[in-house]
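Asks: Numbering (the numbering used here), first residue to last: 50 to 634. Glycine included, every Cβ here is placed at the ideal spot set by N, Cα and C.
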Amino acid sequence: MIQITIDGKKLEVEEGTTILQAAEKAEIHIPTLCYHPLLEPYASCRVCVVEVNRQGKKELVTSCNTQVQPGMVIETQSERALRARKLNVEMLLARAPAAKPVQKIALELGIEKPRFEIKDPDRKCILCGLCVRTCEQVVGANAISFINRGQEREVSPPFGEPSEACIGCTACAYFCPTEAITFEDIHDRKVIHDELYLGPSTAIRVPVRQAVPMVPFIDEDNCIHFKTGNCQLCVKVCEKEAINHEMKEEEIEIEVGSIILASGFKSFDAYRIPAYGYGRFPNVITALEFERLVNASGPTGGKILLANGEEPKAVGIIHCVGSRDENYNEYCSRVCCMYSLKFAHLIKEKTEADIYDFYIDMRCFGKGYEEFYHRLLHEGTKFIRGRVSEITDIPLTEEEDGKLIIRVEDTLIGTVRRIPVDMVILATGLEPGLSHSELAHTFNISCSQDTFFLERHPKLAPVSTFSDGIFLAGTCQAPKDIPDTVAQAGAAASEALALADKGSFELEPITAEIDEKLCAGCQICVSLCPFSAITYNKEKHISEVNEALCKGCGTCVAACPSGAAQQKHFRDIQIMAEIEGIFID
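1) In this structure, what does DSSP give as the bridge partners for TYR60?
2) What first and last residue would you give for the alpha helix (DSSP H) that runs through LYS638?
3) Check whether the segment 342 to 356 touches the segment 440 to 458, counting contact only when three or more Cβ pairs, one atom from each stretch, lie closer than 8 Å.
4) Please state whether the Cβ-Cβ distance between CYS525 and GLY482 is less than 9 Å.
5) From THR430 to TYR405, what does the alpha carbon distance come to, in whole angstroms?
6) On the DSSP bridge assignment, give the partners of CYS496 in chain order.
7) Where do the N-terminal and C-terminal ends of the alpha helix (DSSP H) with PHE632 fall, by residue?
8) Per DSSP, which residues does PRO481 bridge with? Please list them.
9) So does the segment 139 to 151 actually touch the segment 161 to 181, counting three or more Cβ pairs closer than 8 Å?
10) Taking the alpha-carbon positions, what's the GLU629 to LYS617 distance?
11) Whole-angstrom Cβ separation of PRO86 and THR67, contact assumed at under 8 Å?
12) Starting from GLY539 and walking both ways along the alpha helix (DSSP H), at which residues does that stretch end?
13) From which residue to which residue does the beta strand (DSSP E) around LEU342 run?
14) Please confirm if the segment 361 to 369 is in contact with the segment 467 to 482, defined as three or more CB-CB distances below 8 Å between the two stretches.
15) Buried or exposed for ARG95, please, with buried defined as at least 16 other CB atoms from any protein chain shown within 10 angstroms of its CB.
16) Skipping 5 residues on each side, what residues in its chain have a beta carbon closer than 7 Å to that of ALA71?
17) Can you round the beta-carbon distance between LEU453 and ASP442 to whole angstroms, since I take them to be within the 8 Å contact cut?
18) Along the chain, where does the alpha helix (DSSP H) that runs through HIS427 open and close?
19) The beta strand (DSSP E) spanning PRO469 covers which residue range?
20) Can you tell me where the alpha helix (DSSP H) holding GLU73 begins and where it ends?
21) Since THR560 and CYS609 are thought to touch, with beta carbons under 8 Å apart, how far apart are those beta carbons, to the nearest angstrom?
22) Tell me whether ILE404 sits in a helix, a strand or coil according to DSSP, three-state version.
23) On the DSSP bridge assignment, give the partners of PHE432 in chain order.
In structure tokens form, the structure reads like this:
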């Protein structure tokens, strides 16, 4: 440890510590503009200048890149240091008068305006070099650099043209202390609804702030390291050394006695209904996008904003998008009505907008749901019964100019209406997950007509499947809301625990068996068995039945050309005896 003195305050710091770091430890403020803890100090702004006394010799040094020495006495507010600091700030203020951090430091030092000529009153860049060093040392892209000399010096991509080396990581904008570098949408959109996250929109993030478990992951598509091989700043700052970019995905085989399938759902793709203009109109958004927008911990802080950053004056909510429709999905998604009502309540709570709710039938089936619907009626939400035919931006009146027009047949009054709004929320329905068919094949279970997983019995075995030990939970079995999903998950867990607690289970008494003397080894039964209960014995050249897997469906018995496959208690001789008994009686 090294003993030093800063502004009369004695400190003990580690060897290799800079003066600026030591001052921060002592809670002594030294202003700086070009320093960042994740980059090597550069001392380009020279605002952090201090006066040091080393062995009786006083001199001015920049605190961000000067390491402490034993017995060093440092003065941050000496007359000489302040005079030099003011001169540096005056020059920066003359060069970048629009830079707010420079303005703030100038105000602290009592500088109202610089003595030097201001050539560009809108300039913000102070040539600190943070952006250039970030692009070179951290990102490894070398897409920007310093060009020219003297007063003409500036930061620019090669030849002043957009560089192909730029990967759009926004690191330069992140490190820029004066906001001289910004990223803007080419369409001048302030809010891009389909790019909002519920959690932080960084390369390392948790999926949502309410995620369980709360474990972050690295998004390889956006991580600088996986694009250029550089960066790894996260490794430097992680005290637990928990980050390893060399880790690869692994497939692990685990022996289990039961499986609970909870593969969830995917939202209906609103692009499939072009008449609603999703993707063409920036203010036509899906329910999930609105959920991200209105989330209090989201990127807008829960503010409901249009693409231009303004608050909407009228909002339309369209129910049953992709549900109860012969062209897409005929079933009801069950959750759309209630989350649409929730959205209407949130919009009414956060804005002064008029709300139009377009529904086919209001299905408020749960506890307290009907009461919530009546609450929305009293709050002033306008409910219009009818399916929306199209959304357009072509006005027919002055009132519709600059608006989204919702065209709908109001079935209660028997007329077609045109409703001008600023924002449209599409209440998209639920569909089976992307890997649904593959999972069904892997686990040898059936799907219903709407392609959700089929339970063994809708009333007596609602969480079981036709494959023993495999249970269903949540929306993989059918669309359902959170209370029903939680209840079904509890039931599935109980079934799995009950199976484990037994230690044994009863086999089906009616199973197939194969007569080895008659089996010709054609393997027709092997390919037809829906439960994979039949295997081919290559040594004996016959098919064999695994009674633990067989459900006694009789498919193999009906298909066997040699009659070798028979069903216990339903052998041909037994069936014939029953028939003869009927005739004798």
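Replies: On the basis of the data shown:
1) In the sequence shown, residue 60 corresponds to position 11, counting from 1. Strictly speaking, residue 60 in this sequence is Leu, with Tyr absent from that position. ILE53.
2) Look at the range of the chain in this structure, 50 to 634, and you will see that residue 638 is not part of it.
3) no
4) Sequence index remark: in the sequence shown, residue 525 carries index 476 (1-based). Sequence index remark: in the sequence shown, residue 482 carries index 433 (1-based). Their beta carbons are under 9 Å apart, which means CYS525 touches GLY482 by this criterion.
5) Residue mapping note: residue 430 aligns to position 381 of the sequence shown, counting from 1. Residue mapping note: residue 405 aligns to position 356 of the sequence shown, counting from 1. Cα to Cα, the separation comes out at about 6 Å.
6) Counted from its first residue, the sequence shown places residue 496 at position 447. According to DSSP, which records beta bridges pairwise, CYS496 is partnered with PHE502.
7) Indexing the sequence shown from 1 puts residue 632 at position 583. That run of the alpha helix (DSSP H) goes 621 to 633.
8) Taking the sequence shown and counting its residues from 1, one reaches residue 481 at position 432. Partner(s): PHE314.
9) yes
10) The sequence position of residue 629 within the sequence shown is 580, counting from 1. The sequence position of residue 617 within the sequence shown is 568, counting from 1. Computed Cα separation, rounded: 19 Å.
11) Counting from one through the sequence shown, the residue named residue 86 turns up at place 37. Counting from one through the sequence shown, the residue named residue 67 turns up at place 18. Not a contact, Cβ separation roughly 10 Å.
12) What you label residue 539 is simply residue 490 of the sequence shown in a count that begins at 1. Start and end: 531 to 551.
13) On the sequence shown, position 293 is the one that residue 342 refers to. Premise fails: LEU342 lies in the alpha helix (DSSP H), 336 to 343, not in any beta strand (DSSP E).
14) yes
15) Residue numbering aside, residue 95 sits at position 46 when the sequence shown is read from its first letter. ARG95 is buried by the Cβ-count criterion.
16) Indexing the sequence shown from 1 puts residue 71 at position 22. Closer than 7 Å at the Cβ level, and outside the excluded window around ALA71, lie ILE53, ILE55, LEU60, VAL62 and VAL117.
17) Stepping through the sequence shown from its first residue, residue 453 is reached at position 404. Stepping through the sequence shown from its first residue, residue 442 is reached at position 393. Indeed, because the Cβ distance is near 6 Å, the residues count as touching under 8 Å.
18) Locating residue 427 in the sequence shown gives position 378, where the first residue counts as 1. From DSSP, the alpha helix (DSSP H) with HIS427 extends over 418 to 428.
19) One-based indexing of the sequence shown puts residue 469 at position 420. Element bounds for PRO469: 464 to 470.
20) In the sequence shown, counting from the first residue as 1, residue 73 sits at position 24. Run containing GLU73: 68 to 74, per the alpha helix (DSSP H) assignment.
21) Locating residue 560 in the sequence shown gives position 511, counting from the first residue. Locating residue 609 in the sequence shown gives position 560, counting from the first residue. No, THR560 and CYS609 are not in contact; Cβ-Cβ is about 15 Å, not under 8 Å.
22) Position 355 of the sequence shown holds residue 404. Three-state DSSP puts ILE404 in a strand.
23) For the purposes of this step, residue 432 is taken as the residue at position 383 of the sequence shown. BP columns for PHE432 point to ASP406.
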